[in-house]
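Take 0 as the starting number for the sequence shown in numbering that gives the first Met the number 0 and just add one per residue.
Virtual Cβ for every residue (Gly too), placed ideally from N, Cα, C.
Heads up, the thing below is written out as structure tokens.
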Amino acid sequence: MRRGIVAVLLLIAFVLQGTTSVLAGTTGSISGVVIDPSSNQPVSGVRVTAASPSQTATAVSDQAGRFSFLSLAPDTYSVTADASANRDAVTLNGVTVQADQSLNLTLAQPARLQNIGRVSSRSASSLVKPGTTADVYAINAAAQDKASTLGGGGTLNSAWSAISSVPGVYIAPNQNGYIGAGAGVSIRGGDYDQIGYELDGVPVNRSFDNYPSSVLSSLGQQEVQVYTGAAPANAEANSISGYINQVIRTGTAPASRNLTLSAGTPTLYNKLAFEAGGANPSRTFSYYFGAGAYNQAFRYYDQFNGASLNNQYGAPLGTCGGVPAANYNAATVPSCFGPQGQDYTNGGTTPAYVLGPFQGFNQAYEQVRDTVGNFHFGIPRKDGNKDDVQVLFDNEHIGNYGYDSPNDLGGQAYLSAVGIGPVGYVDTHETTLPYGTLLAPGSAGNAGVVPYLFPFSSSGRAPGANIGDNTRDEFVNDQSILKVQYQHNFGTNAFLRVYGYTYYSDWLNNGPNSTASNYLAFDSPDYELNSHTRGVSVQFSDQLNAQNLLSFTGSYTTAHSLRYNNAFYGISRGTVVGYLVNGNDPANGTCYNTATGAAVLGCGFNTQGISARSFGFTVNQAIGAIDPNTGLPQSIPVPGAGVTCGGGPCQYMIVAGGPTASYNTVVPKFSTFSLTDNWTPTSRLTVNAGVRFDRFQFDGSNTYNSLARTLIFNAYNAVNSSPLVNTPSQVEAYNVFQPRLGFTYTLNPSTVVRANYGRYAQAPNTA
């Protein structure tokens, strides 16, 4: 029965998954020395164990009393020096390991009979870590839960709430929905797009705009690390203002299962989350799985969405002068009149606005769906060590909806009464023929011109149909990560780690209401950005001796992104889509006036005062976006009598009127290499010295795609202008060499001194 319940919960979790949401590492290290407290001399041959629910590791101190654990999962450990024939056991509790950070410990192991055991402890949340050269703060799952309300109710299930508690980090309060791509986030005064983001060591800054694509969900989070200072050379994040790394939970022994159900009122809040994790006794297999969903609505100013402020601070919908006279009164449009009933427009001479609801065009609602899984497979070896294989996947979806449906703004009847509605889709026309197509005058057809309905709207409706009463604009963020990692351990002193990953992210906007609005907008009409990132990384670390931990890191990342900012609404009924050219040499750069046959040098580039309309297709005569009230032409227009086209047959070339967008397919290729030495000459002093090399390369797309492009370039080049020197300003690739140095000195367990120097670089975005 119990297994059946678990199976059902797992099924529910999968169903709730949304559709398509520095290389900081995923492990940290502990180094230390075992000494005799009476003589302060090193003790060799001591078996030292680091144990936590996530991992247990064992090492033996060398002749200098030194021991090291180079690859520990982030968690809070108990570090124990085992008892021997002449020495008591000693344990240090509360040792918190952070990913990509080193700790130095001193275990004072007394001779027998001097002490009856000894146990020390350290706060798991301590911000001062001896041996750590970077300013890094870690918030574990328990602290995350307690900090979930920081910053307001919009980040209850996001790591942003806990991050706001970190010194040096500013997060504007009362944010909601998709956070991270806005000026409300800053680390040490840097801009929001100068912050690096990682999920379990996988960089999740989209190269196109350097934004994170996720909501930074706290589901499955072992800890979130915030680096507010200088990063060491082997940090793979290309950030210059700190970075954030979310470390995902691993399976623990004993196993755990957790089901969370939450509901909130008076604003809508529903949450369902299920988590399960476990490991076999030998830890050759461990698993963690989590799935969650929550829906949340938002109100502004007060529980009534600021209704008392509508007449003064409501969203502008239209002008008071556009209200029909029969409805122009203080009862229908109160924002057009003063407290004593005076007309704000002063008889139509002063601008005033019909104001809608206070919350208009702000975010109304969000839906978040998360699924995360982290699986580790231990491979035993004959020498007693184990290699590790990790498979990690993460899927996140966040849907954001605005207060901008017709009903949100007062309803179609009200909007019509005040001269704004009914609110309909902004539909146009387009040609479906490829650019560069040649058409003979007088030939049958309409040059492929068809109605172009608003993107993602119903295909069965009439052009210009009303937008649904409850249809809201939305933008969606999706993220999907698959990571496979292999780690080979060379005893406890060295390891080799290799991983590869794929990372998909998108940002999709659909705003029919925003397009129809004259003043405010929740999002773009049709903005589609998706990116497929792939990367591989290799890291080798070796504790060469008691003082030196040497690390080498190399990584390569590339991405294929598509940014399609649809400009369809710029296609008007007068859009020129075809030029009259010489059919024998159509791309020579000369066009001809359709009425007179005169050659037009430059094809309309302000030549002879002739616009493109004068020689191209126009309304009711054209191949362009035709007035829907007059219908489409059934034949290609014929030029005026006697018109010749440079001695060749006159033909129209399609040059515009098709899908129009700001289009970007730049391919970034980033390579990184680093070499660092973590030098610990004494138990109090740690120096991290390293060098880093970055190569940033950007491959542009092929710009040749039609005969029309050749025509336009030749037409432009035919016009005399000021002589220019052909010196390209763009940089397609460049290298950056970055030395870095950091040190920390421990005065006492609660006081450390840190200093850092280095050169830091961030790749420019490809937008």
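Next on the checklist: Between which two residues does the alpha helix (DSSP H) holding Thr514 run?
Outcome noted: Translated into the one-based positions of the sequence shown, residue 514 becomes position 515. Thr514 -> alpha helix (DSSP H) spans 511 to 515.
Item to check | Inside the segment 225 to 310 only - beta strand (DSSP E) runs reaching at least 3 residues | outcome: Entirely contained in the segment 225 to 310, the beta strand (DSSP E) runs reaching 3 residues are, in chain order, 242 to 247, 255 to 263, 268 to 278, 284 to 296.
Item to check | Reference Gly188; option with closest CA among Gly167, Cys602, Leu684, Phe453 | outcome: Numbered from its first residue, the sequence shown carries residue 188 at position 189. Closest option to Gly188, Cα to Cα, is Gly167.
Item to check | Rounded separation between Leu674 and Gly757 - CA only | outcome: Counting from 1 along the sequence shown, the entry for residue 674 is found at position 675. Counting from 1 along the sequence shown, the entry for residue 757 is found at position 758. Taking C-alpha positions only, Leu674 is separated from Gly757 by approximately 14 Å.
Item to check | Extent of the continuous beta strand (DSSP E) to which Ala598 belongs | outcome: The sequence position of residue 598 within the sequence shown is 599, counting from 1. It spans 598 to 600 - the beta strand (DSSP E) in which Ala598 sits, taken as one unbroken run.
Checklist entry - Can we say the segment 260 to 273 touches the segment 189 to 199, given the rule of at least three CB pairs closer than 8 Å? => result no
Next on the checklist: So, under 8 Å CB-CB, Thr557 and Pro511 are touching, yes? Tell me the CB distance rounded to an integer number of Å.
Outcome noted: As a working note, residue 557 is residue 558 in the sequence shown. As a working note, residue 511 is residue 512 in the sequence shown. About 35 Å separates the CB atoms of Thr557 and Pro511; that is not less than 8 Å, and the two are not in contact.
Checklist entry - Taking just the CA atoms, how far does Val665 sit from Asp626? => result The residue given as residue 626 occupies position 627 in the sequence shown. The residue given as residue 665 occupies position 666 in the sequence shown. Per-residue confidence for Asp626 stands at a pLDDT of 37, beneath the threshold of 50, marking its modelled position as unreliable; the derived number appears in the next sentence. Cα to Cα, the separation comes out at about 37 Å.
Checklist entry - Which stretch, first to last residue, makes up the alpha helix (DSSP H) that contains Phe357? => result As a position in the sequence shown, residue 357 is number 358, starting the count at 1. Secondary structure note for Phe357: it is in no alpha helix (DSSP H), with a DSSP letter that is neither H nor E.
Item to check | 8 Å CB neighbourhood of Ser680 in its chain, flanking five on each side removed | outcome: Here residue 680 refers to the residue found at position 681 when the sequence shown is read from its first residue. Per the sequence shown, residue 680 should be read as Pro rather than Ser. Correct list, in chain order: Gln546, Val686.
Next on the checklist: Taking its Cβ as the centre, do 16 or more other Cβ atoms sit within 10 Å of Arg798, making it buried, or is it exposed?
Outcome noted: The question about residue 798 has no answer here: the residues shown for the chain are numbered 0 through 766.
Next on the checklist: With the cut-off set at 8 Å, would you say Gln62 and Arg86 are in Cβ contact?
Outcome noted: Taking the sequence shown and counting its residues from 1, one reaches residue 62 at position 63. Taking the sequence shown and counting its residues from 1, one reaches residue 86 at position 87. In this structure, Arg86 does not lie closer than 8 Å to Gln62 by Cβ.
Item to check | Same chain only: Cβ atoms within 8 Å of Ser157, ignoring 5 sequence neighbours per side | outcome: One-based indexing of the sequence shown puts residue 157 at position 158. For Ser157, where only same-chain residues beyond five positions count, the Cβ hits under 8 Å are Ile178, Val214, Leu215, Ser216, Ser217.
Item to check | Buried or exposed (CB count within 10 angstroms, at least 16 for buried), Ile711 | outcome: Numbered from its first residue, the sequence shown carries residue 711 at position 712. Its Cβ being crowded by 16 or more others within 10 Å, Ile711 is buried.
Next on the checklist: For the beta strand (DSSP E) containing Tyr400, name the first residue and the last one.
Outcome noted: Taking the first residue of the sequence shown as 1, we reach residue 400 at position 401. Where Tyr400 is concerned, the enclosing beta strand (DSSP E) stretches over 385 to 401.
Checklist entry - In this structure, what does DSSP give as the bridge partners for Ile378? => result Within the sequence shown, numbered from 1, the residue matching residue 378 stands at position 379. For Ile378, which the question treats as bridged, DSSP gives the partners Asp386.
Checklist entry - Quick one: what's got a C-beta closer than 6 Å to Val45's C-beta in the same chain, skipping five residues either side? => result By 1-based counting over the sequence shown, the position of residue 45 is 46. Here the set comprises Val33, Ser60, Ala80.
Checklist entry - What are the boundary residues of the beta strand (DSSP E) that Arg753 is part of? => result Your numbering for residue 753 matches position 754 in the sequence shown. 750 to 757 is the span of the beta strand (DSSP E), which, as asked, contains Arg753.
Item to check | Residue of Phe374, Pro738, Asn564, Ser163 minimising C-alpha distance to Ile243 | outcome: Counted from its first residue, the sequence shown places residue 243 at position 244. Residue Ser163 is the option with its Cα nearest to Ile243.
Checklist entry - If you draw a straight line from the C-alpha of Thr750 to the C-alpha of Ala84, how long is it? => result Counting from one through the sequence shown, the residue named residue 750 turns up at place 751. Counting from one through the sequence shown, the residue named residue 84 turns up at place 85. Distance between the alpha carbons of Thr750 and Ala84 is about 36 Å.
Next on the checklist: Judging by CA-CA distance, which residue of Gly656, Ser721, Leu354, Val422 is the nearest neighbour of Ala515?
Outcome noted: Walking along the sequence shown from the start, residue 515 turns up at place 516. It is Val422.
Checklist entry - Which stretch, first to last residue, makes up the alpha helix (DSSP H) that contains Leu452? => result As a position in the sequence shown, residue 452 is number 453, starting the count at 1. Careful: Leu452 lies outside any alpha helix (DSSP H) and carries neither H nor E.
Checklist entry - How about Leu69 and Gln54: are their beta carbons less than 8 Å apart? => result Mapped onto the sequence shown, residue 69 falls at position 70. Mapped onto the sequence shown, residue 54 falls at position 55. The answer is no: Cβ separation not under 8 Å.
Item to check | Touching by the beta-carbon criterion (3+ pairs, under 8 Å), the segment 485 to 500 and the segment 430 to 440 | outcome: no
Next on the checklist: Using only the alpha-carbon positions, how far apart do Ile247 and Phe374 sit?
Outcome noted: By one-based count along the sequence shown, residue 247 stands at place 248. By one-based count along the sequence shown, residue 374 stands at place 375. Their Cα atoms are separated by approximately 11 Å.
Checklist entry - With Gly596 and Gly657 assumed to form a contact (beta carbons below 8 Å), what rounded beta-carbon distance in angstroms separates them? => result In the sequence shown, the residue the question calls residue 596 occupies position 597. In the sequence shown, the residue the question calls residue 657 occupies position 658. About 27 Å; that fails the 8 Å criterion.
Checklist entry - How many angstroms separate the CA atom of Ser610 from the CA atom of Val724? => result Against the sequence shown, residue 610 aligns to sequence position 611. Against the sequence shown, residue 724 aligns to sequence position 725. Because the pLDDT at Ser610 is just 29, under 50, the model does not fix this residue reliably, and the point stays unresolved.
Checklist entry - Run through DSSP, which three-state label would Pro333 get? => result Taking the first residue of the sequence shown as 1, we reach residue 333 at position 334. Secondary structure of Pro333 (DSSP, three-state): helix.
Next on the checklist: Please identify the residue among Gly398, Ala98, Ser536 whose C-alpha is closest to the C-alpha of Val497.
Outcome noted: Position 498 of the sequence shown, counted from the first residue, corresponds to residue 497. When only C-alpha atoms are compared, the closest one is Ser536.
Next on the checklist: In the DSSP output, which residue or residues are listed as bridge partners for Pro315?
Outcome noted: By 1-based counting over the sequence shown, the position of residue 315 is 316. Looking at the DSSP assignment, Pro315 forms a beta bridge with Leu354.
Item to check | Nearest-angstrom Cα separation, counted from Gly463 out to Phe567 | outcome: Counted from its first residue, the sequence shown places residue 567 at position 568. Counted from its first residue, the sequence shown places residue 463 at position 464. Cα to Cα, the separation comes out at about 14 Å.
Next on the checklist: Under DSSP, the beta strand (DSSP E) around Leu481 begins and ends at which residues?
Outcome noted: As a working note, residue 481 is residue 482 in the sequence shown. Element bounds for Leu481: 473 to 489.
Checklist entry - Going straight from the alpha carbon of Ala655 to that of Asp472, what length do you get? => result Locating residue 655 in the sequence shown gives position 656, where the first residue counts as 1. Locating residue 472 in the sequence shown gives position 473, where the first residue counts as 1. Whole-angstrom Cα-Cα distance: 29 Å.
Item to check | Contacting residues, own chain, Cβ-Cβ under 8 Å from Asn361 (five flanking each side not counted) | outcome: One-based indexing of the sequence shown puts residue 361 at position 362. Within its own chain, the residues whose Cβ lies closer than 8 Å to the Cβ of Asn361, once the five positions on either side in sequence are excluded, are Phe297, Tyr299, Gly401, Tyr402, Phe521, listed in chain order.
Next on the checklist: What does DSSP give as the partner residue(s) for Ser216 in the beta ladder?
Outcome noted: Within the sequence shown, residue 216 is the residue found at index 217, counting from 1. Ser216 pairs with Ser157.
Next on the checklist: Does Leu746 come out as helix, strand or coil in the three-state DSSP assignment?
Outcome noted: Translated into the one-based positions of the sequence shown, residue 746 becomes position 747. Strand at Leu746.
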